[in-house]
Structures are given as structure tokens and as C-alpha cells.
Amino acid sequence: MNSIIPLQNSPERVSLLPIAPGVDFATAVALRRMATSTGATPAYLLAPEVSALLWYMPDQRHHMLFATMWNTGIRIGEARTLTPESFDLDGLRPFVRVLSEKVRARRGRPPKDEVRLVPLTDASFVRQMESWMVTTRPRRREPLWPVTDETMRNWLKQAVKRAEADGVHFSIPVTPHTFRHSYIMHMLYHRQPRKVIQALAGHKDPRSMEVYTRVFALDMAATLAVPFTGDGRDAAEILRSLPPAG
1 MNSIIPLQNS PERVSLLPIA PGVDFATAVA LRRMATSTGA TPAYLLAPEV
51 SALLWYMPDQ RHHMLFATMW NTGIRIGEAR TLTPESFDLD GLRPFVRVLS
101 EKVRARRGRP PKDEVRLVPL TDASFVRQME SWMVTTRPRR REPLWPVTDE
151 TMRNWLKQAV KRAEADGVHF SIPVTPHTFR HSYIMHMLYH RQPRKVIQAL
201 AGHKDPRSME VYTRVFALDM AATLAVPFTG DGRDAAEILR SLPPAG
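Residue numbers for the sequence shown, in the UniProt record's numbering: 1 to 246.
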């Protein structure tokens, strides 16, 4: 059975799965298991897991929707507002304009503070989006995904079922919001500043980031390798040789 959870008998294959510079996949999985064990940390996927899941979306419309959510961390409602005009793919710094969920039902130009710009930092994704738009020729101001939230969830469920039928299993329940959590964690793994990620994700309250950064508190504690066990006999001999404490 194929699995995106690392197998003990295939460490060399697991090491080939990219997470971020200096980050081992098996360690990242173990850290996630520890961090999410209490239910306080949002469930998230690691980059190789997202790549595998997207591979099980042969329909390009489905694939590009969730690839966009993975590359931007947007909410499912925000994805529904995206049009070709939302994307600026031609410049040196490609980006997408994201409308806050609050303005979905309003008409007219949204206030500036309810539109955020999210850089598209993955050149491969930018090329895929350009190619898809050339192929499908959507109208510039028409939604790219004019479907209900439930339809989007069903697309995702179908991909998960395809993966499971092929022997690829995920260790967490996967929902559209999982891509948002995964984006934030992926940015943290790539050492992006917390305030930058907060702005890109559209979190107004900085405390919203704390549920993610506690994972890295665990990571830091684990990598410090602080020893607590010593040789009792040696310690006793040294202490015996010292003068009585005054």
C-alpha cells in the first residue's frame, strides 16, 4: 500500500519528499502528530501530501481551484470571488487580489481594507494558471469557479476517494479549509515572518497565529536536545569531595 505517512523500511524514499530547507519529512510528520494530539492545533497537510492530493484531481478546473487555495491560503468563500481579473500573472511579482468574505454579497467597488494582495511565489503554479486561462478563455470579470461551496467540497471528497482507492491515505480529515491551515504552516516552515503571514492570510487579530506557532515551540524544544539524565555515581563523588555548603 502506498502511503504519504513515512514507512520505517523506506527512509531513503521519505527523505526525498521536500518540505522546506533543512526540514525532514518524517520529523515534520512526527511533530504534527504531537502538536495535533490535543486538538488545539489546526489539522494541516505537509507539502508532499498536498502535491499527492492534487495529483488525484484530473479535472483541471478542480485541480486549479485547490492549487490556488494551497498557493494563497484563501478561504473557500474567497475562492468563489476570484475572476481572471483578480490575477496579475505577467509582471516580475505575480499576485492575486483577494476580496474579504465580508464583501461577497455587496455590489460596487470594495473598500481598500477589504482587498488583500497575495504574492504567487511558485513559478510552476503561475505557468499552470496562465495555461489554464488560455485554454478555457474565461471572461475577465466572471468567477472562475461559479459553483457552490458544497460542490467544491464534493470535488475534494472525490479526490480523497481516488487517492484512497489507489492506496494513498491521509492521516487527517481533509476539507477545503485544510488548505488554508496547510498554507500557513508551509509559510512558517519556510521561515516567513509571522506578521507577514498574518497579513497574507487576512487575519486581523495576531492571536490567530498562535495556534500555528505553538507547533514550532514544540519543534524548538525537540531540536534543542536538552539532557536531563546524568551519571549519579560521578555526581555523588564530585559532591562528596566538596566542602560542606555554607
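Where is the CB? At the ideal position from N, CA and C, for every residue including glycine.
Return the chain-ordered list of same chain residues with a C-beta closer than 7 Å to the C-beta of M1, the five sequence neighbours on each side being excluded.
Bear in mind that the predicted position of M1 carries a pLDDT of just 36, short of 50, making it unreliable; the figure below should be weighed with that in mind. Once the five neighbours on either side are set aside, the close Cβ partners of M1 are G167.
Buried or exposed for S3, please, with buried defined as at least 16 other CB atoms from any protein chain shown within 10 angstroms of its CB.
In this predicted model, S3 has a pLDDT of only 41, less than 50, meaning its place in the structure is not dependable; the value taken from the coordinates is given anyway. Result: exposed.
What are the start and end residues of the alpha helix (DSSP H) that includes P176?
176-189
Report the option in A79, V115, W70, T38 whose CA atom is closest to the CA atom of K204.
V115
For R116, does the three-state DSSP call read helix, strand or coil?
strand
L31 by DSSP, collapsed to three states: which one?
DSSP, read as helix, strand or coil, puts L31 in helix.
Proximity winner among G73, V23, V211, T72, relative to A35 (alpha-carbon distances)
V211
Beta-carbon spacing of P120, V96 below 8 Å:
Looking at the sequence shown, residue 120 is not Pro but Leu. Yes. Within cutoff.
Given a threshold of 16 other Cβ atoms within 10 Å of its Cβ, counted over all protein chains shown, does V196 qualify as buried or as exposed?
exposed
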